[in-house]
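Residues 15 to 482 (our numbering) are what the sequence shown spells out, left to right.
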Amino acid sequence: MPTLEALARPATTGTAPLDLLSISQLLHYSAGLIRKSVSPSAGEVHYRAAASAGALYPIELYLVCGELDGLAAGVYHYSPAGHALTKLRTGDLRGNLAASADDETLASSPAIIISTAVFWRSAWKYRTRGYRYCFWDNGTMLANLLATASAVGQPARVIAGFIDFQVDLILGLDSREEASICLIAVGAPEEQPAAASESMEVIDCGDLGFNDAIPYPESRRLHIEAALTSAQEVGRWRVETQVRETNVFGEIASAPLGESISCRGSTRRFAREPISYDQLSALLAASSVTMPTDFGGRLTEPYLIVNAVDGLVSGAYHYSRIKSELQLLREGEMRNEAGHLCFEQALGADASVVIFFLSDLNSVLERLGNRGYRAAQLEAGVLGGNLYMGAHSLGLGATGMTFFDDAVTAFFSPHAAGKSLMFLVGLGRTSSQNQVRPFRSKYGVLKDSLARGATGERRPVPEWLYSN
15 MPTLEALARP
25 ATTGTAPLDL
35 LSISQLLHYS
45 AGLIRKSVSP
55 SAGEVHYRAA
65 ASAGALYPIE
75 LYLVCGELDG
85 LAAGVYHYSP
95 AGHALTKLRT
105 GDLRGNLAAS
115 ADDETLASSP
125 AIIISTAVFW
135 RSAWKYRTRG
145 YRYCFWDNGT
155 MLANLLATAS
165 AVGQPARVIA
175 GFIDFQVDLI
185 LGLDSREEAS
195 ICLIAVGAPE
205 EQPAAASESM
215 EVIDCGDLGF
225 NDAIPYPESR
235 RLHIEAALTS
245 AQEVGRWRVE
255 TQVRETNVFG
265 EIASAPLGES
275 ISCRGSTRRF
285 AREPISYDQL
295 SALLAASSVT
305 MPTDFGGRLT
315 EPYLIVNAVD
325 GLVSGAYHYS
335 RIKSELQLLR
345 EGEMRNEAGH
355 LCFEQALGAD
365 ASVVIFFLSD
375 LNSVLERLGN
385 RGYRAAQLEA
395 GVLGGNLYMG
405 AHSLGLGATG
415 MTFFDDAVTA
425 FFSPHAAGKS
435 LMFLVGLGRT
445 SSQNQVRPFR
455 SKYGVLKDSL
465 ARGATGERRP
475 VPEWLYSN
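Structure, rendered in structure tokens:
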């Protein structure tokens with residue numbers, strides 16, 4: 015199936031039976047190993063199907079299923095390196111997951127994929143900030159999984175609300191090191207729902223080897239305070255999503271989904287060459303789809319810095335996911351601004367366009383409680399993952415980057431006042447020299463000068479710069 019078609023129409027219905035082949039495709043194209051390289055210092059390095067901050071891959075996948083063609087009922091862990099499932103429990107525990115999510119339909123789903131985060135894999139490099147990166151990575155993986163489900167004709171639905179400790183118990187997790195993030199119900203519902211097992215042995219999945227890991231109590235506290243502890247809490251939290259397809263891709267052709275995923279890689283240097291308006295429109299449409307979830311969807315809004323798109327004035331924009339319309343906020347070339355906001359990286363300055371996903375967290379938290387922060391980060395990761403796949407399907411490059419949080423909000427204000435940046439993706443044509451280049455924006459130089467006592471009189475200092 016063409017990539018853009020798979021992104022445009024999330025699979026919500028289907029009648030084909032779920033079998034081991036379909037499970038294999040879903041797992042491979044979402045979390046599987048797609049290539050290897052050899053580093054002089056580190057040896058063999060593995061790269062997985064979905065984009066990951068720093069290629070640290072903190073997300074693990076588990077499978078809970080009933081009897082499938084080619085696979086016995088049980089609880090399994092997926093190993094990307096060997097593309098293999100390891101059985102952790104024997105027996106059908108879908109009913110137990112249904113109880114943990116207060117969702118009877120899970121007991122009728124042929125299989126449920128569970129994503130977890132091994133927090134230290136991200137935290138050792140990114141410290142407290144690594145917590146949010148786990149949700150970005152989970153989001154890009156979900157994007158691949160949902161697109162693959164559409165391509166193989168299997169309905170899929172994301173459940174982010176559940177009793178955390180119950181799901182962790184089913185998988186045998188120590189939540190201080192690894193914790194459940196979301197459930198993905200896969201396959202057409204079965205006529206006979208699975209009953210919950212009344213007895214369940216405690217299993218030990220082994221020591222992850224992080225006993226000497228540096229603790230980051232802020233991340234731990236954030237995760238605990240977003241936990242749900244009862245079926246009543248889960249029921250109050252849930253907001254069903256009205257799935258919105260998109261049909262604005264026009265006649266633009268895209269590569270097959272499997273090819274787009276298998277050949278994907280984060281761009282290291284963009285050529286300062288324009289992309290077409292049709293390409294940008296297709297990619298914006300990919301970032302406007304609402305995925306089937308239990309948290310309502312549309313928690314984030316795209317803002318753009320456009321520097322090289324044929325037929326579109328350079329400047330700062332807001333994109334309405336509902337109306338599929340761009341609104342020009344400020345006109346002019348903004349390569350220095352983009353590079354600085356993207357944490358002083360040349361990738362931001364050289365990209366044809368940078369798309370920023372902002373969220374009104376006050377509104378999200380009022381509606382969804384503390385767990386809403388997880389949902390907003392997760393949705394941004396999914397939409398960013400769609401951009402990755404969409405860009406590669408069009409022969410373009412893409413990369414996620416970190417950023418100066420408050421400066422981005424200030425830059426897009428007053429329109430973005432009160433919103434927070436969740437994730438961003440740079441898009442453009444990949445340079446023939448696909449290696450990171452040194453970069454220093456004029457705003458970075460100005461901030462250094464001000465820190466050393468300069469007055470800023472010779473060069474006006476924009477207000478947003480003070481928000482870093």
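Even glycine gets a Cβ: it sits at the ideal position worked out from N, Cα and C.
Exercise for the section: Work out the CA separation of L18 and D33 for me, nearest whole Å. Expected result: If you number the sequence shown from 1, residue 33 lands on position 19. If you number the sequence shown from 1, residue 18 lands on position 4. Near 25 Å, if we compare the C-alpha coordinates of L18 and D33.
Problem - Minimum length 3: unbroken beta strand (DSSP E) runs contained in the region 334-361 - result: 339-345, all fully within the region 334-361.
Handout entry: Three-state secondary structure assigned by DSSP to I228
Key = Here the question's residue 228 lines up with position 214 in the sequence shown. In this structure, I228 counts as coil in the three-state DSSP scheme.
Exercise for the section: My understanding is that G432 touches D364, with C-beta atoms under 8 Å, so please give their C-beta distance in whole angstroms. Expected result: Stepping through the sequence shown from its first residue, residue 432 is reached at position 418. Stepping through the sequence shown from its first residue, residue 364 is reached at position 350. Incorrect: roughly 30 Å between the Cβ atoms, too far for contact.
Practice task
Flag this pair as touching only if the region 68-81 and the region 163-177 have three or more C-beta atom pairs under 8 Å; answer yes or no.
Solution key: The answer is no - the region 163-177 does not touch the region 68-81, with fewer than three Cβ pairs under 8 Å.
Practice task
Go ahead and label E192 buried or exposed: buried means 16 or more other beta carbons lie within 10 angstroms of its beta carbon, across all protein chains shown.
Solution key: Here the question's residue 192 lines up with position 178 in the sequence shown. Buried, by the Cβ-count rule.
Practice task
Return the chain-ordered list of same chain residues with a C-beta closer than 6 Å to the C-beta of G386, the five sequence neighbours on each side being excluded.
Solution key: Sequence index remark: in the sequence shown, residue 386 carries index 372 (1-based). Taken in chain order, the residues that qualify are V378 and L379.
Handout entry: Residue environment, V248, which counts as buried when at least 16 other CB atoms sit within 10 Å
Key = Within the sequence shown, numbered from 1, the residue matching residue 248 stands at position 234. By the 10 Å Cβ count, V248 comes out buried.
Problem - Beta-carbon proximity of S366 to L441, cut-off 7 Å - result: One-based indexing of the sequence shown puts residue 366 at position 352. One-based indexing of the sequence shown puts residue 441 at position 427. Remark: C-beta atoms of S366 and L441 approach each other more closely than 7 Å.
Exercise for the section: Count the other CB atoms, across all protein chains shown, that sit within 10 Å of the CB of H237; report buried if there are 16 or more and exposed otherwise. Expected result: Position 223 of the sequence shown, counted from the start, is the residue given in the question as residue 237. Buried, by the Cβ-count rule.
Problem - C-beta atoms of K101 and Y92 nearer than 7 Å - result: If you number the sequence shown from 1, residue 101 lands on position 87. If you number the sequence shown from 1, residue 92 lands on position 78. Not in contact: K101 and Y92 (Cβ atoms no closer than 7 Å).
Practice task
Taking D117 as the reference, give the member of F149, T142 and A210 with the closest Cα.
Solution key: If you number the sequence shown from 1, residue 117 lands on position 103. Restricting attention to F149, T142 and A210, the CA atom closest to the CA of D117 is found in A210.
Problem - Sufficient close CB pairs (3 or more, under 8 Å) joining the region 439-453 to the region 143-160 - result: The region 439-453 vs the region 143-160: no contact.
Problem - Identity of the residue in E345, A113, T314 and K139 nearest I336 by Cα - result: For this step, residue 336 is matched to residue 322 along the sequence shown. Of E345, A113, T314 and K139, the residue nearest in Cα terms is T314.
Problem - Residue range of the unbroken beta strand (DSSP E) whose run includes I195 - result: The count along the sequence shown starts at 1 and reaches residue 195 at position 181. Element bounds for I195: E192 to V200.
Exercise for the section: Have a look at E58 and E204 and give me their C-alpha separation to the nearest angstrom. Expected result: The sequence position of residue 58 within the sequence shown is 44, counting from 1. The sequence position of residue 204 within the sequence shown is 190, counting from 1. The straight-line gap from Cα to Cα measures roughly 43 Å.
Practice task
Return yes when the Cβ of S123 is within less than 7 Å of the Cβ of Q180, no when it is not.
Solution key: Walking along the sequence shown from the start, residue 180 turns up at place 166. Walking along the sequence shown from the start, residue 123 turns up at place 109. No.
Handout entry: Residues that E19 bridges to, as DSSP identifies them
Key = By one-based count along the sequence shown, residue 19 stands at place 5. Bridge partners of E19: none, in fact.
Handout entry: Inter-stretch contact at 8 Å, needing at least 3 Cβ pairs: the region 403-416 / the region 291-300
Key = Output reads yes: the region 291-300 touches the region 403-416.
Exercise for the section: Would you mind giving the Cβ-Cβ distance between T142 and S233, rounded to the nearest angstrom? I have them listed as a contact below 8 Å. Expected result: The residue given as residue 142 occupies position 128 in the sequence shown. The residue given as residue 233 occupies position 219 in the sequence shown. So it is a contact: roughly 5 Å between Cβ atoms.
Exercise for the section: Pick helix, strand or coil for V262, following the three-state DSSP scheme. Expected result: As a first step, residue 262 must be located in the sequence shown, where it is residue number 248. Confidence at V262 is low in this model, with a pLDDT of 47, below 50, so the placement of that residue should be treated as unreliable; the coordinate-derived value is given next. Three-state result, V262: coil.
Exercise for the section: Would you tell me roughly how many angstroms separate the C-alpha atoms of R49 and N152, rounded to the nearest one? Expected result: Counting from 1 along the sequence shown, the entry for residue 49 is found at position 35. Counting from 1 along the sequence shown, the entry for residue 152 is found at position 138. About 20 Å.
Exercise for the section: Assign A22 to buried or exposed, taking buried as 16 or more other Cβ atoms, counted over all protein chains shown, within 10 Å of its Cβ. Expected result: Taking the first residue of the sequence shown as 1, we reach residue 22 at position 8. With 16 or more Cβ atoms within 10 Å of its Cβ, A22 is classed as buried.
Handout entry: Three-way DSSP call (helix, strand, coil) for F176 in this model
Key = Translated into the one-based positions of the sequence shown, residue 176 becomes position 162. Looking at F176 - three-state DSSP - the assignment turns out to be coil, as it is neither helix nor strand.
Exercise for the section: Just confirm the distance between the C-beta atoms of F417 and F357, as a whole number of angstroms; I'd bet it's less than 8 Å. Expected result: As a working mapping, residue 417 is identified with position 403 in the sequence shown. As a working mapping, residue 357 is identified with position 343 in the sequence shown. Correct: roughly 5 Å between the Cβ atoms.
Practice task
Quick one: using the 10 Å Cβ neighbour count with 16 as the cut-off for buried, is Y331 buried or exposed?
Solution key: Position 317 of the sequence shown, counted from the first residue, corresponds to residue 331. Answer is buried; the Cβ neighbour count reaches 16.
Exercise for the section: Could you check which residue in P452, E351, V439 and A390 has the C-alpha nearest to that of E477? Expected result: Within the sequence shown, residue 477 is the residue found at index 463, counting from 1. It is E351 whose Cα lies nearest to the Cα of E477.
Handout entry: Nearest-angstrom Cα separation, counted from P31 out to L82
Key = If you number the sequence shown from 1, residue 82 lands on position 68. If you number the sequence shown from 1, residue 31 lands on position 17. Approximately 9 Å between the Cα atoms of the pair.
Exercise for the section: For F309, name the three-state secondary structure that DSSP assigns. Expected result: The residue you call residue 309 lines up with position 295 of the sequence shown. Three-state result, F309: strand.
Practice task
Please classify E345: is it buried, with 16 or more other beta-carbons within 10 angstroms of its beta-carbon, or exposed?
Solution key: Against the sequence shown, residue 345 aligns to sequence position 331. Result: exposed.
Practice task
With DSSP as the reference, label M415 as helix, strand or coil.
Solution key: Locating residue 415 in the sequence shown gives position 401, where the first residue counts as 1. Coil, per DSSP.
Handout entry: Close Cβ partners of V262 (< 6 Å) along its chain, the five nearest in sequence each way excluded
Key = Translated into positions along the sequence shown, residue 262 becomes position 248. Because V262 carries a pLDDT of 47, less than 50, the predicted location of this residue cannot be relied on, and no value is offered for it.
Problem - Identity of the residues DSSP links to S51 by a beta bridge - result: Counted from its first residue, the sequence shown places residue 51 at position 37. Its beta-bridge partners are V59.
Exercise for the section: Given a cut-off of 7 Å, decide if S268 and S407 are closer than it, judged by their beta-carbon atoms. Expected result: As a position in the sequence shown, residue 407 is number 393, starting the count at 1. As a position in the sequence shown, residue 268 is number 254, starting the count at 1. For S407 and S268, yes; Cβs fall inside 7 Å.
Practice task
Count the other C-beta atoms from every protein chain shown that fall within 10 angstroms of the C-beta of N225, then say buried if there are 16 or more, exposed otherwise.
Solution key: Numbered from 1 along the sequence shown, position 211 holds the residue referred to as residue 225. The residue is exposed, with fewer than 16 neighbouring Cβ atoms inside 10 Å.
Exercise for the section: For my contact list, L70 and R135 are in at a C-beta cut-off of 8 Å; report their separation, rounded to the angstrom. Expected result: Counting from one through the sequence shown, the residue named residue 70 turns up at place 56. Counting from one through the sequence shown, the residue named residue 135 turns up at place 121. Under the criterion of beta carbons closer than 8 Å, L70 and R135 qualify as touching, at roughly 5 Å.
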